[in-house]
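As given, the protein sequences belong to chains H and Y, one line each in that order.
Note that this note's numbering has the first sequence beginning at 15, numbered continuously upward.
Note that this note's numbering has the second sequence beginning at 15, numbered continuously upward.
To start, the structure under review is shown below, and the notes come after it.
Number of protein chains: 2
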Amino acid sequence: METTIQHPGSILIRTTGAFIVDDVLYEDSSKIPETSDIALPFQTHDISHIAVDIGGSLAKIVYFTSNESTEKIDDFIQFIHKLIKFYKKKVHIMATGGGSVKFYDKLKSDLGVDVTKEDEMECLIVGLDFFITEIPNEVFMYTEQNPMQFVNDRKEIYPYLLVNIGSGVSMIKVTGPSTFTRVGGSSLGGGTLWGLLSLLTDASSYDEMLDNAAQGDNTNVDMLVGDIYGTDYNKIGLKSTTIASSFGKVFNNKFGNSSEERKSHFNPQDISRSLLYAISNNIGQIAYLQAKIHNLKHIYFGGSYIRGHPQTMHTLSYAINFWSQGEKTAYFLRHEGYLGAVGAFLKRQPTGWGRRASSSSDKTQEES
Amino acid sequence: METTIQHPGSILIRTTGAFIVDDVLYEDSSKIPETSDIALPFQTHDISHIAVDIGGSLAKIVYFTSNESTEKIDDFIQFIHKLIKFYKKKVHIMATGGGSVKFYDKLKSDLGVDVTKEDEMECLIVGLDFFITEIPNEVFMYTEQNPMQFVNDRKEIYPYLLVNIGSGVSMIKVTGPSTFTRVGGSSLGGGTLWGLLSLLTDASSYDEMLDNAAQGDNTNVDMLVGDIYGTDYNKIGLKSTTIASSFGKVFNNKFGNSSEERKSHFNPQDISRSLLYAISNNIGQIAYLQAKIHNLKHIYFGGSYIRGHPQTMHTLSYAINFWSQGEKTAYFLRHEGYLGAVGAFLKRQPTGWGRRASSSSDKTQEES
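The following block contains the structure:
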């Protein structure tokens, strides 16, 4: 281990044969398994680095342990301290995400260990490429009939669009293992959903917001084409059930003069569902438009927004399918929130994944 | 007048020489004049029809009067009744917008007059074409230095993209006076802004919401790139002042456990500005992407969302300019909310505007 620490980058992470450790075998395809640890069966060397991805709202951590389980924890820094203690302070931190730039000095001095910053977009792509090509039963398509249809042994990987939904949204065109461009994004992302719902409902966690959404009926809040027209608007192909205006039923004098009075007419479940639909539909539409402009057939959705929530995946899939008339496909990942952290983790090695993207000097910037 | 009523379509509306009646001459280009009546100086025949555009949230009305002023009114139906009384019940109503379909029977029976339904998209285009080609000092570009730079005597009108922002958003590609296709839209429109702000603030009207927005600072609510990175993210060209996540600063346990407690940490002005930015930016981005896909340089923004509000026009203009790197131009209109109603009004005549789009049998549907 000493050697490892003193010569960063000299450990080979053996990704061959990697697989997801499922607690149960899932014969029932309608049941979505929980995200689980990834096993690296051929990894014999110790790995004494930790990868952290510090975003706008969440921080993610990836580390290697020799079949030892570690309790889930809430506090990120405490957890790193604990890990460092476990490694006897001989760890190296690979840090990515905006927070790794902002808190670089603090991380380094507070933790007293070496910290290497890695570019956020590069790490996302390294992580995603790893999941696509090395981990079976990781990438899947969503339909209501089959919410987790795994896509293994893909032959054509590139080009693709990665839509990473964290607090905000980044859309990255990837044309090869080391070639990518951030083509766009949106400020309407997870942070918008969480922020607005924390002002509109008493939900205390994102999972509670998603539970609310699962029970809600958005048509009490949204104005549908049918609410305006009384029927379909056939001439332009809009069904009466299409959402014409998200929250379009809310602004009405009959609901009172204060925000509290007005809010009493709507329930938190319906509000949550409407907003989840609005944000997800919007991301789906922009993703489709970007994929069309850049001629990309495959769209991967990553980031901590989705959390395996069926309605979210349904809405994103539906949007891609609706707008592209079936020409483009939406893919999801079981480790969707860990692309950046896993990418940073993998970058600390002499060959393989880490090297592939770190040699990406030819990528261009076309922030359009 | 009897003849007119018994032979619908036999009145020629003389649009030649039409102009906007401004209350003041505006030498000061930084002052935005109020929307005003349009004079038809060569109109000698009486016009005894009324055009109504009934949308999801608002209804608009257009009628002709021989230099008689009429008080502004709040109640739409009352107003039509009054007008009908004024015309001695001898009027014909040209109705457009979704509400004209939904309320057709009711309009006809309650008002006891003839009602002709006209297609919403067709009327929008007829109205816009009229404003672009016939009304001087109607179409303008917005910059902070010159908030109303009029665009007169345009030589190339077609093709263009019309982005009509009402409760929801419709985007229409127009390639000639009678050729158009609705290429897309968004459910995040005026109804979303009004609906969410009526639950988040005590503002009682849309104008009050816009006044709030004008006084707000969105950076208390939005998470900027600088809040995450502590600096610019130069590698992908994102400035520290770019909004990474709208409402991204709001979801935080430190703000309390109930929506009311949390809301007390934010002021309604900042919330209003953040949401106005979020919705306007999003529409601007989708408009740009559609304009890029359909190769359209000119983008007109219509609908009752804008209301001459400088920040809204600034945000829409900025979005188009930012994404297109100056290649596409955003245009605004002083009668932005009346495109459909004016279009319906103009359709009741034997030649000219009304006929141009009513002959549009060759338009295709490519709801994509």
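Glycine included, every Cβ here is placed at the ideal spot set by N, Cα and C.
Please report the straight-line C-alpha distance between residue i and residue j, rounded to a whole angstrom.
| i | j | result |
| --- | --- | --- |
| residue 243 (chain Y) | residue 268 (chain Y) | 21 Å |
| residue 302 (chain Y) | residue 130 (chain H) | 38 Å |
| residue 249 (chain Y) | residue 128 (chain H) | 23 Å |
| residue 139 (chain Y) | residue 296 (chain H) | 26 Å |
| residue 177 (chain Y) | residue 67 (chain H) | 39 Å |
| residue 347 (chain H) | residue 105 (chain H) | 29 Å |
| residue 318 (chain H) | residue 179 (chain H) | 6 Å |
| residue 163 (chain Y) | residue 205 (chain Y) | 29 Å |
| residue 221 (chain H) | residue 168 (chain H) | 32 Å |
| residue 312 (chain Y) | residue 136 (chain Y) | 19 Å |
| residue 292 (chain H) | residue 200 (chain H) | 13 Å |
| residue 183 (chain Y) | residue 259 (chain H) | 8 Å |
| residue 342 (chain Y) | residue 315 (chain Y) | 13 Å |
| residue 32 (chain Y) | residue 166 (chain Y) | 13 Å |
| residue 337 (chain Y) | residue 126 (chain Y) | 51 Å |
| residue 325 (chain Y) | residue 181 (chain Y) | 19 Å |
| residue 39 (chain Y) | residue 151 (chain Y) | Its pLDDT being 40, under 50, residue 39 (chain Y) is placed unreliably in this model, and the coordinates cannot settle the point. |
| residue 354 (chain H) | residue 153 (chain H) | 16 Å |
| residue 74 (chain Y) | residue 228 (chain H) | 38 Å |
| residue 304 (chain H) | residue 300 (chain Y) | 10 Å |
| residue 134 (chain Y) | residue 52 (chain Y) | 22 Å |
| residue 146 (chain Y) | residue 196 (chain H) | 37 Å |
| residue 307 (chain H) | residue 320 (chain Y) | 28 Å |
| residue 208 (chain H) | residue 224 (chain H) | 10 Å |
| residue 322 (chain H) | residue 96 (chain H) | 29 Å |
| residue 192 (chain H) | residue 257 (chain H) | 40 Å |
| residue 185 (chain H) | residue 141 (chain H) | 15 Å |
| residue 112 (chain H) | residue 247 (chain Y) | 8 Å |
| residue 124 (chain H) | residue 264 (chain Y) | 27 Å |
| residue 198 (chain Y) | residue 253 (chain H) | 14 Å |
| residue 270 (chain H) | residue 100 (chain H) | 58 Å |
Note down, in chain order, each residue of its chain lying with its Cβ closer than 8 Å to the Cβ of residue i, except the 5 sequence neighbours on either side.
| i | result |
| --- | --- |
| residue 144 (chain Y) | 29, 356, 357, 360, 367 |
| residue 255 (chain H) | 238, 239, 240 |
| residue 210 (chain Y) | 289 |
| residue 345 (chain Y) | 153, 154, 155, 165, 312, 313, 314, 315 |
| residue 118 (chain H) | 109, 129, 131 |
With a threshold of 16 other CB atoms inside 10 Å of the CB of residue i, please say whether the residue is buried or exposed.
| i | result |
| --- | --- |
| residue 236 (chain H) | buried |
| residue 218 (chain Y) | exposed |
| residue 203 (chain Y) | buried |
| residue 45 (chain H) | Caution applies to residue 45 (chain H), whose pLDDT of 49 falls short of 50 and renders its modelled position unreliable; the value that the coordinates give is listed next. Classification for residue 45 (chain H): exposed. |
| residue 157 (chain H) | exposed |
| residue 161 (chain H) | buried |
| residue 309 (chain H) | exposed |
| residue 340 (chain Y) | exposed |
| residue 110 (chain Y) | buried |
| residue 251 (chain H) | exposed |
| residue 351 (chain H) | buried |
| residue 120 (chain Y) | exposed |
| residue 245 (chain H) | exposed |
| residue 272 (chain Y) | exposed |
Within a Cβ cutoff of 7 Å, which residues of the same chain sit near residue i, ignoring the five residues on either side of it in sequence?
| i | result |
| --- | --- |
| residue 262 (chain H) | 236, 237 |
| residue 188 (chain Y) | 139, 172, 173, 174, 176, 194 |
| residue 226 (chain Y) | 215, 217, 282, 283, 286 |
| residue 148 (chain H) | 29, 32 |
| residue 34 (chain H) | 50, 52, 149, 151, 152, 348 |
Enumerate in chain order the residues of its own chain whose CB-to-CB distance from residue i is below 6 Å, with the five nearest sequence positions on each side excluded.
| i | result |
| --- | --- |
| residue 114 (chain H) | 68, 131 |
| residue 122 (chain H) | 129 |
| residue 327 (chain Y) | 156, 346 |
| residue 65 (chain H) | 76, 108, 355, 358, 359 |
| residue 294 (chain H) | 326, 329, 330 |
Give the residues of chain A in contact with residue i, contact being defined as C-beta atoms less than 7 Å apart.
| i | result |
| --- | --- |
| residue 283 (chain Y) | Absent here is chain A; the protein component of the structure consists of chains H and Y. |
Exercise. Which runs of the alpha helix (DSSP H) fall wholly inside the segment 95–126 of chain H and span at least 4 residues, in chain order?
Worked result: When DSSP assignments are scanned along the segment 95–126 of chain H, the uninterrupted stretches of alpha helix (DSSP H) that are 4 or more residues long and fall wholly within it turn out to be 112–116, 118–125.
Problem set entry | Length-filtered (4 minimum) alpha helix (DSSP H) runs lying within the segment 310–350 of chain Y | Scanning the segment 310–350 of chain Y for uninterrupted alpha helix (DSSP H) segments of 4 residues or longer gives 324–338, listed from N- to C-terminal end.
Exercise. Pairing CB atoms from the segment 219–235 of chain Y with CB atoms from the segment 327–343 of chain Y, are three or more of them under 8 Å?
Worked result: Using a Cβ-Cβ distance cut-off of 8 Å, the segment 219–235 of chain Y and the segment 327–343 of chain Y are not in contact, since fewer than three pairs of beta carbons, one from each stretch, lie closer than that value.
Exercise. With a cut-off of 8 Å, do at least 3 Cβ pairs link the segment 274–282 of chain H to the segment 213–222 of chain H?
Worked result: Short answer: they touch.
Problem set entry | Ranges of the alpha helix (DSSP H) found wholly within the segment 214–293 of chain H, counting only runs of at least 4 | Here the runs fully enclosed are 220–229, 239–243, 273–277.
Exercise. In the segment 135–201 of chain H, which residue ranges form an unbroken beta strand (DSSP E) of at least 3 residues, counting only runs that do not cross its ends?
Worked result: Listed in chain order, they are 153–155, 174–179, 183–190, 193–200.
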